[in-house]
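Protein chains: 2
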Amino acid sequence: MAFKQDLNDQFARMGKVLGSGRRLELLDYLAQGARSVDALASVSGLSIANTSQHLQKMQQAGLVCAERQGKQIFYALADDEVITLMAVLHGLAERHLAEVREMVSLHLTARDSLAPVSVDELLARAQSGLVTILDVRPPEEYAAGHVPGAVNISPAHLHEQIARLDAGREVIAYCRGPYCTFSFEAVAALRAQGFTAHRLESGFPEWKQAGHPVEYEQNQQV
Amino acid sequence: MAFKQDLNDQFARMGKVLGSGRRLELLDYLAQGARSVDALASVSGLSIANTSQHLQKMQQAGLVCAERQGKQIFYALADDEVITLMAVLHGLAERHLAEVREMVSLHLTARDSLAPVSVDELLARAQSGLVTILDVRPPEEYAAGHVPGAVNISPAHLHEQIARLDAGREVIAYCRGPYCTFSFEAVAALRAQGFTAHRLESGFPEWKQAGHPVEYEQNQQV
DNA sequence: TCATCATTCAATCACATCGTTGAATGACTG
DNA sequence: CAGTCATTCAACGATGTGATTGAATGATGA
Chain X
3 MAFKQDLNDQ FARMGKVLGS GRRLELLDYL AQGARSVDAL ASVSGLSIAN TSQHLQKMQQ
63 AGLVCAERQG KQIFYALADD EVITLMAVLH GLAERHLAEV REMVSLHLTA RDSLAPVSVD
123 ELLARAQSGL VTILDVRPPE EYAAGHVPGA VNISPAHLHE QIARLDAGRE VIAYCRGPYC
183 TFSFEAVAAL RAQGFTAHRL ESGFPEWKQA GHPVEYEQNQ QV
Chain P
3 MAFKQDLNDQ FARMGKVLGS GRRLELLDYL AQGARSVDAL ASVSGLSIAN TSQHLQKMQQ
63 AGLVCAERQG KQIFYALADD EVITLMAVLH GLAERHLAEV REMVSLHLTA RDSLAPVSVD
123 ELLARAQSGL VTILDVRPPE EYAAGHVPGA VNISPAHLHE QIARLDAGRE VIAYCRGPYC
183 TFSFEAVAAL RAQGFTAHRL ESGFPEWKQA GHPVEYEQNQ QV
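So the sequences go chain by chain: X and P. Numbered per the numbering used here, the first sequence spans residues 3 to 224. Numbered per the numbering used here, the second sequence spans residues 3 to 224.
What follows is the structure in structure tokens.
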């Protein structure tokens, strides 16, 4: 049945694109919102030409789309399902690749104060009122639902806006899920500035699914 | 942040495996249940050595697992989420790759009686009692829920069991979803035997999600 | 213990992919 | 209409991949 093979070859076009760590990293950044080529190049550390070529591959595979704005070209995810795709991939990798489990436990849960905070711990500390909850997802996702009382600063603006946080309060940061690395970066940046900061062990999807309260109004925006 | 790159490289190991149409086809077959290497080789048309190598790659990437039974080695999906992964991939490809839409509409919806039947049509014809509903999924999935009154024959056994179907009744076949190609093959085989046969345009997941009745007992087994 | 047979390995070829380089495009802006 | 600047193209070398071949492995079952 040649048709079946041709169809799977088409699906494989999309699969091929997922076979490069650099492209997956670019998709991570694009999940935060549309970005220009050189913004992506500088944030990922790739050369501009290389970034451009990866983006074009992803565009041909239908994972991202491009739009010109002024002299720049902004790339964005073609579809929110791309995030789902990556989440499923992350889950499978976590369960079946020993290396992933190892890396995560070594780098993220291990020693001292970098250990992540559980949801129960977050609830307990939140009731004490002495903790700032930081939502490190893009504003659109924050607006679509977030942990009550959480402050939203997207990773791109963290460095500018870090001064607005109360340096005397502990910060607990979360993002899209346990493999969304933005909360790691936020914690690292905060700690570099002298904050006491921790990651939430899971992310907003897990919070919501566990039946915890969700706030929708875009208040608390810093 | 080297950790982030290493993590994405691990995810990419899994992604790479999705970058070959042959491997996706093998995953399609494995979604029907565990299979030995040479069973997979003969059903896919690949050489045995080639099949073995693809399976080993998928095993290293954590998508499938292997178990010896007697002198044969049976491979199976490592996780049901692999099916989810493929479903998401199919959906994205359908929406964003013009070639996929074209191929599907050309080969599957176009001319004459190959056109698929909608869920509403199925319901209408089922009430008339003149139609045989054929579930072409593996027995385990059939047992976990199926369209009421549907007969279950897995694709591997269709040729042997086709004679048991009532040749005077129209057959409507469905499988796992619109891109699960087993129902295409079933319809082709049935039509080759002189049956009036059609595909359901969607699959069981869509049926269930639409709120239609689901039957659980493993009756009607042919 | 030995013969059998399903599976895997090793070596090879053609071909695709990744990243780099420097030049070319082409759409805004003055 | 010409300069500018973000992006893309084209060509290159190193490396990786897919498929084929024939030989090797190794667990089974007599």
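Cβ coordinates follow ideal geometry from the N, Cα and C atoms, glycine included. Computed from a predicted model, the values in this text were never measured in an experiment.
Proximity test, Cβ basis, 8 Å: residue i and chain P
i: X:Ala10; result: Looking at the sequence itself, residue 10 of chain X is Asn, so the reference to Ala does not match. X:Asn10 counts as touching chain P.
i: X:Arg2; result: Since the first and last residues shown for chain X are 3 and 224, residue 2 of chain X lies out of range.
i: X:Gln58; result: no
i: X:Arg113; result: Low per-residue confidence applies at X:Arg113: pLDDT is 45, beneath 50, and the placement is therefore not dependable enough to give any value.
i: X:Arg97; result: yes
i: X:Arg193; result: no
i: X:Thr198; result: no
i: X:Gly21; result: yes
i: X:Gly17; result: yes
i: X:Val102; result: yes
Supposed contact pair residue j and residue i - C-beta distance, whole angstroms, cut 8 Å
i: X:Leu2; j: P:Glu83; result: A question about residue 2 of chain X goes unanswered here, because the residues of chain X that appear run from 3 up to 224.
i: X:Arg127; j: X:Ala63; result: Wrong, their Cβ atoms sit about 43 Å apart, outside the cutoff.
i: X:Leu136; j: X:Ala188; result: 6 Å
i: P:Val138; j: P:Cys177; result: 5 Å
i: X:Leu91; j: P:Leu87; result: 7 Å
i: P:Ala107; j: P:Glu203; result: Note that residue 107 of chain P is Ser in the sequence shown here, rather than Ala. Not a contact, Cβ separation roughly 12 Å.
i: P:Gln61; j: P:Cys67; result: 7 Å
i: P:Asp8; j: P:Thr183; result: Contact flag wrong, Cβ pair sits at about 37 Å.
Where the alpha helix (DSSP H) through residue i begins and ends
i: P:Gln62; result: 50-62
i: P:Ile135; result: It is not in any alpha helix (DSSP H) - P:Ile135 instead sits in the beta strand (DSSP E) that spans 133-137.
i: P:Glu14; result: Residue identity check: residue 14 of chain P is Ala in the sequence provided, not Glu. Note, P:Ala14: alpha helix (DSSP H), 4-19.
i: X:Glu172; result: Per DSSP, X:Glu172 belongs to no alpha helix (DSSP H); it is in the beta strand (DSSP E), 172-176.
i: P:Gln211; result: 206-211
i: X:Tyr31; result: 23-32
i: P:Ile85; result: 83-98
i: X:Arg127; result: 121-130
Start and end residues, beta strand (DSSP E) containing residue i
i: P:Arg201; result: 199-201
i: P:Gln74; result: 74-79
i: P:Arg70; result: 66-71
Beta carbon proximity, residue i to chain X, threshold 8 Å
i: P:Leu91; result: yes
i: P:Val138; result: no
i: P:Gln223; result: For P:Gln223, the pLDDT reaches just 46, beneath the cut-off of 50, and the residue's location in the model is therefore unreliable, although a value from the coordinates is still provided. False, the Cβ-Cβ gap to chain X never drops below 8 Å.
i: P:Thr53; result: no
i: P:Lys210; result: no
i: P:Ala14; result: yes
i: P:Gln163; result: no
i: P:Leu87; result: yes
i: P:Leu160; result: no
i: P:Leu94; result: yes
Contact test: residue i Cβ vs the ligand MG heavy atom, cutoff 7 Å
i: X:Tyr31; result: The ligand MG is not part of the structure shown, which contains no ligands of any sort.
Going along the chain, which residues of the segment 63-85 of chain P sit with their C-beta nearer than 9 Å to a C-beta in chain X? Ala63, Gly64, Leu65, Cys67, Ala80, Asp81, Glu83, Val84
Members of the segment 23-37 of chain P near chain X, C-beta cut-off 7 Å: Gly23, Leu26, Glu27
Taking a Cβ distance cut-off of 8 Å, strictly less, list which residues of the segment 127-151 of chain P are near chain X, in chain order. none
Validate contact between the segment 193-212 of chain X and the segment 154-173 of chain X using beta carbons, cut 8 Å, 3 pairs: yes
Are the segment 38-58 of chain X and the segment 42-55 of chain P touching by the rule of at least three beta carbon pairs closer than 8 Å? no
Decide yes or no for the touch test of the segment 138-157 of chain X against the segment 207-215 of chain X: beta carbon pairs closer than 8 Å, at least 3 of them. yes
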